[in-house]
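Report on one structure; see the data block that follows.
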Amino acid sequence: MIRGYIIVENQGFNNESDLIPLKEKLSYSFANMPGTFFGSMMGVIQSFYYAWMGLQWMWITIAQIIYAIWNVVNDPIFGNRINNTKFVNKKGELQRYIPYIKYGAPIFSLAFAFVFFPPDTLRGKSDFSFQFWLFVWYLVSQLAYDTMFTIVLCAWVALLPQMSLNQREREKTQLLSSIFVFPAIIIGFALPVALLSNPTPNSIFIFQVLVIIIAIFGVIPYWVVSKYVYERPEFNPEESVGIFKSLKLAFKNRSYIVYLIYDGVSVFIININMVTLPFFLYWVLENSPGFNALLFWIGPIISLIIGTVLSLKIAEKASTKFAITFYLSLISIGFLLSFLLALTGNWILVSIGFCIVFFAYPGDFIHHNPMRADTIDYDQWKVSGERREGLYAGIGPLISKPMISVALAVPPIIMTAYGLTYVKDSLQPTMGLEMAQLGLIISMGLIPGIVALIGLIIWVLFYPLKKDLVIEMKMELAKINEEMKKKYQEKQKA
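Just so we're aligned: the sequence shown equals residues 81 to 574 in my numbering.
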């Protein structure tokens with residue numbers, strides 16, 4: 081049964097579109113948790129392999145180069161394959177995305193857990209043979225994880241744009257997804273950071289137990305989304321399109337080109353922060369006179385909550401372009417200010433800088449996917465004439481996936497350059513504590529601040545989907561999709 085269309089107001093005009101039922105919103109949003117859990121815990125992978133297992137920066141860099149190449153290759157391939165899928169379920173409904181979520185989830189969870197269980201006999205050995213096999217585990221486990229990440233997350237991300245054309249509905253769904261993100265970040269990132277900022281055998285044991293629990297839990301939300309989220313079969317393309325033709329069409333979409341850069345910037349910022357933060361907490365903040373972790377985090381957490389509310393208000397009053405401009409402006413200021421304040425050695429001042437960063441962060445979580453959905457809408461409107469969510473989920477990360485590798489490789493390289501290296505059984509500041517701290521401050525504040533500033537300039541100058549154009553696009557697509565729905569219903573009756 082096709083979900084009925086009703087009239088809703090969208091950005092100042094009446095657009096014939098469908099509201100997303102609360103059950104579907106909650107189911108879709110709940111499925112944001114596994115990817116966030118896994119991604120957050122992967123953010124501390126360098127704390128595990130560099131600080132605990134003793135994998136040298138050279139091997140990490142080689143692995144990340146190979147990982148980046150695989151990321152560039154596999155995402156478009158799987159994205160296009162998912163987009164061309166025509167799976168008929170037991171009810172006779174045509175599906176593209178749900179099967180990959182439902183059947184890929186258990187393998188995805190297994191691949192995630194595999195990353196954090198290398199043989200303990202490889203730990204702390206500097207001999208070539210031990211380093212090589214630890215490198216193999218580090219690389220192969222990440223390749224397996226990323227392949228399943230691509231398959232399952234491409235399908236999940238592709239669902240939202242076709243669930244509704246209504247921008248407010250997309251943003252409400254994304255907000256619910258963000259609400260589910262918070263516990264996933266607290267458990268999946270904050271707790272691992274605490275356990276791995278100065279890893280010990282006991283903290284590693286607790287961490288690995290947490291990995292197993294999260295891996296098992298990760299299957300449940302994907303089962304829920306496969307059961308309760310309705311996939312609209314009228315959007316399934318009649319003919320399959322090859323990968324090269326699909327890419328050629330995508331690059332005719334100007335908003336997609338800018339999206340590629342924005343996605344790369346936002347993903348790099350998040351990942352370099354997650355990788356650096358455990359080291360920054362232990363080597364910089366905990367060595368600040370009078371440091372109090374509870375007092376330090378109160379301001380940033382409050383700022384995060386206020387920033388979430390404000391980001392939604394901005395979207396209601398202005399456009400997605402303005403909202404993301406606001407986010408990039410604020411976060412670049414926050415990082416650069418945090419860098420300067422961290423040089424003072426005063427943890428209270430650093431907390432103020434973090435408040436600005438955390439105030440800005442919700443802007444990306446709330447507006448990233450709706451903006452990507454606008455890019456897909458524009459593709460249907462002006463480029464391909466079809467709904468190609470699966471393809472864009474695959475080719476969207478052409479820059480961001482390699483940027484993950486860059487973000488994972490840069491902190492160990494900087495730490496090594498500034499003397500924070502693995503000696504015997506732990507990291508040691510071999511050039512002195514101040515040099516080690518400077519390297520971490522650069523990695524935590526200066527580098528993401530510069531990258532955010534570059535992203536802001538490109539975004540403001542070149543992103544084409546301004547508010548008036550988006551309104552026109554939504555009105556036209558509402559008519560087009562109504563026709564697609566009628567054609568599909570007539571075909572089903574025939």
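For each residue, glycine too, the CB sits at the ideal point set by N, CA and C. The structure presented is a predicted model; accordingly, all values stated were derived computationally and were not measured.
- Taking C-beta separations shorter than 7 Å and ignoring five residues to either side along the sequence, the partners of Ile337 in its chain run Phe331, following chain order.
- Excluding residues up to 5 positions away in sequence, Pro156, Ile157, Asn160 lie with their Cβ nearer than 7 Å to the Cβ of Ile323 in the same chain.
- Between Ala295 and the set Tyr225, Lys401, Pro358, the nearest pair of CA atoms involves Tyr225.
- Boundaries of the beta strand (DSSP E) around Val503: 500-503.
- Around Ala497, the same chain offers Gly519 as residues with beta carbons nearer than 7 Å, after the five sequence neighbours per side are excluded.
- Looking at Ile181, Asp343, Ala473, Phe128, the one whose alpha-carbon comes closest to that of Ala274 is Phe128.
- Ser335 sits away from Ser480, with the two beta carbons spaced by 9 Å or more.
- The way I'd put it, the region 447-461 doesn't touch the region 126-146; fewer than three beta-carbon pairs between them come closer than 8 Å.
- Per the DSSP secondary-structure output, Ser506 pairs in a beta bridge with Val503.
- Judged by DSSP in its simplified three-state form, Gln175 adopts strand.
- Note on geometry: alpha-carbon atoms of Gly119 and Glu570 lie some 43 Å from one another.
- The Cβ-Cβ distance between Leu290 and Ile267 falls below 9 Å.
- Of the residues assessed, Met524 falls on the buried side of the cut-off, its CB having 16 or more other CB atoms within 10 angstroms.
- When the alpha-carbon of Leu202 is set against those of Asp548, Asp505, Gln517, the nearest one is in Asp505.
- The DSSP-derived three-state label of Pro199 is coil.
- By the neighbour-count criterion, in which 16 or more other beta carbons inside 10 Å mark a residue as buried, Ser391 falls on the buried side.
- DSSP places Ser431 in the helix class (H, G or I) of the three-state scheme.
- Looking only at Phe262, Tyr342, Lys565, Pro272, the smallest Cα-Cα distance to Phe287 is reached by Pro272.
- Annotated three-state conformation of Tyr308 is helix, per DSSP.
- With a 10 Å radius around the Cβ and a threshold of 16 neighbouring Cβ atoms, Gly535 comes out buried.
- In the structure shown, Phe402 falls within a helical segment according to DSSP collapsed to helix, strand and coil.
- Judged by DSSP in its simplified three-state form, Arg467 adopts coil rather than helix or strand.
- Ala235 places its beta carbon less than 9 Å from that of Arg176.
- Annotated three-state conformation of Asp207 is coil, per DSSP.
- Sequence-distant partners of Leu106 (beyond 5 residues in either direction) whose C-beta falls short of 7 Å from its own C-beta, in its chain, are Leu256.
- Residue environment analysis places Gly134 among the buried positions, since at least 16 neighbouring C-beta atoms fall within 10 angstroms of its C-beta.
- Note on geometry: alpha-carbon atoms of Phe402 and Ile475 lie some 25 Å from one another.
- Going by DSSP, Ser391 is part of the alpha helix (DSSP H) stretching over 373-397.
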